[in-house]
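Residue numbers (this note's numbering), protein chains in the order written: chain A, 4 to 213; chain B, 4 to 213.
Number of protein chains: 2
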Amino acid sequence: MNEETGLRERKKQRTRQTLSETAIALFLERGFDQVSVAEVAAAAEVSKPTLFRYFPAKEDLALDRIADHQGEAARVVRDRAPGAAPLAALRAHFHARLDARDPITGLCDAPEVLAFRDMLYSTPSLQARLMRYAADDERALAEALAEAGAEEVTARLAAAQVIAVHHVLARDNWRRLASGRSTDAVVGAAHADAERAYDLLGAGLAGQGL
Amino acid sequence: MNEETGLRERKKQRTRQTLSETAIALFLERGFDQVSVAEVAAAAEVSKPTLFRYFPAKEDLALDRIADHQGEAARVVRDRAPGAAPLAALRAHFHARLDARDPITGLCDAPEVLAFRDMLYSTPSLQARLMRYAADDERALAEALAEAGAEEVTARLAAAQVIAVHHVLARDNWRRLASGRSTDAVVGAAHADAERAYDLLGAGLAGQGL
DNA sequence: CAGAAAATGCAACCGAGTAACAAAAGATTC
DNA sequence: GAATCTTTTGTTACTCGGTTGCATTTTCTG
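As structure tokens, then:
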């Protein structure tokens, strides 16, 4: 059912990948706003309409890689060990991704990844698009939490908090790396922040001078 | 220092207001995407470049009213009664805005406001722009919380949570009104949700089946 | 009233995204 | 393996958001 060995399908996947890779290379080289989609299409040797048949907007060319993390939080909650609390599962998963230096945690100093994040945080339209992905993530997570037994409103509130917190953590990690330090030098602080974040989520903001 | 009684300044303010009002009227009548900026400019009797000298993007024409709530959360924290906890001030303020039927809480069933929110939630580009305003709000709130004595990372995390939660609450209120009920019929539920939300923020998600 | 400074209009332009239709390439059937 | 059907692609031309350069008008200043 998954073995779409058709030549057509293979070609489509290759075209898609070529487009995204070509685009990202150009974007990193000269900046997102300084590269036109026409150039990307030309470099990838397809026409402009074809490009837009693969990617609905210019931003999606850049965010393709990030897009396959879609729904990760919801998945973590659904796939948690029986009896485990959703929040505990999310916490453990985030720590694991930190140890794996997953770019999504912000804790990855591969030069290309770092440059990519620079571009992301300095290009408003990319951030806007990213927020839309986040909104989907949030919806999915809220559903998963509701399935896990949380009351509906509570689930939505909790999902919003978790997603928001993840963004803050990722951005803080990137900030540390952007100031020149290595992942190994800051992984400790990253774990500590994650601990604090999940402690706050779990036990609340009261008693923190708040 | 604030008495810009100059004729020039007065005219500018009037032009700006005319533009925004004309635009919103057209948007509500036919939908945001079905109205071109050229039409708005023509209806307001200015040229297209002039329009863009007042509003950097089409979206800002629609969001002008919301924009002056910028930094409200931070202000509430800064202006809180001496000795009051920031979170308590935010909670009280939100309840007060609910009672005032402030559109920003989602709890306002004036037909135009309701239609405006329909448009907002059904137009991706407007939501995206709104998220950017929210990011500014978040930054400002984080600063205010840090000033109030919270540790830096904690302040950023808390700010993200508060802003995210406000959006969930507003959206839930709008959803209730959109299903036809009156504000008076749902104000109780709105207060209850706000209570729950701030309880979760203060005391944490643990022990909620999470 | 004269001249500086600011705001406007006009026209032309750029880039993102789309529509229409024709051409090509992969899949299917006999 | 040729004929045919379907999907994908390229070409051209268009709409719309947003910008630029420059001439013109309007307001402010002395």
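Backbone N, C-alpha and C define an ideal beta-carbon position, used for all residues, glycine too.
Judged by beta-carbon spacing, L22/B lies within the 8 Å limit of V43/B, meaning their Cβ atoms are closer than that value. Relative to the Cα of A137/B, the nearest Cα in the group T53/B, V171/B, C111/B, D121/B belongs to V171/B. Put simply, the CB of R83/B is far from chain A, with every gap to its CB atoms at 8 Å or more. In this chain, H72/B is not harboured by any alpha helix (DSSP H), its DSSP state being neither H nor E. Note on geometry: alpha-carbon atoms of G34/B and G207/B lie some 41 Å from one another. Put simply, the CB of H72/B is far from chain A, with every gap to its CB atoms at 8 Å or more.
Between G205/A and chain B, the shortest Cβ-Cβ separation is below 8 Å. P59/B sits in coil when the DSSP states are folded into three classes, being neither helix nor strand. In the structure shown, G86/A adopts coil according to DSSP, grouped into three states. Between the C-alpha atoms of D112/B and L180/B there is a straight-line separation of about 7 Å.
By the criterion of at least three beta-carbon pairs nearer than 8 Å, the region 113-132 of chain A is not in contact with the region 185-192 of chain B. Using a CB distance cut-off of 8 Å, A209/B counts as an interface residue toward chain A.
With a beta-carbon spacing of about 6 Å, D140/B and G74/B fall inside the 8 Å limit used to define contacts. Contact with chain B is absent for G34/A, since none of that chain's Cβ atoms lies less than 8 Å from the residue's Cβ. By alpha-carbon distance to L64/A, the top candidate from R104/A, T18/A, W177/A, R78/A is T18/A. Short of 6 Å from the beta carbon of Y201/A, and not among the five residues preceding or following it, lie these beta carbons of its own chain, in chain order: R94. Within the same chain, Cβ atoms closer than 8 Å to the Cβ of L31/B are found at E115, A118, F119, M122, the five residues on either side in sequence being excluded. Within the region 152-170 of chain A, G152, A153, E154, V156, T157, R159, L160, A161, A163, Q164, I166, A167, V168, H170 place their CB atoms closer than 8 Å to a CB of chain B, listed in sequence order.
Proximity of G212/B to chain A, defined by a Cβ-Cβ separation below 8 Å, is satisfied. The beta carbon of H98/B sits closer than 7 Å to those of H194, A197, all from its chain and outside the five residues before and after it, given in chain order. A straight-line Cα-Cα distance of about 40 Å links R11/A and A84/A.
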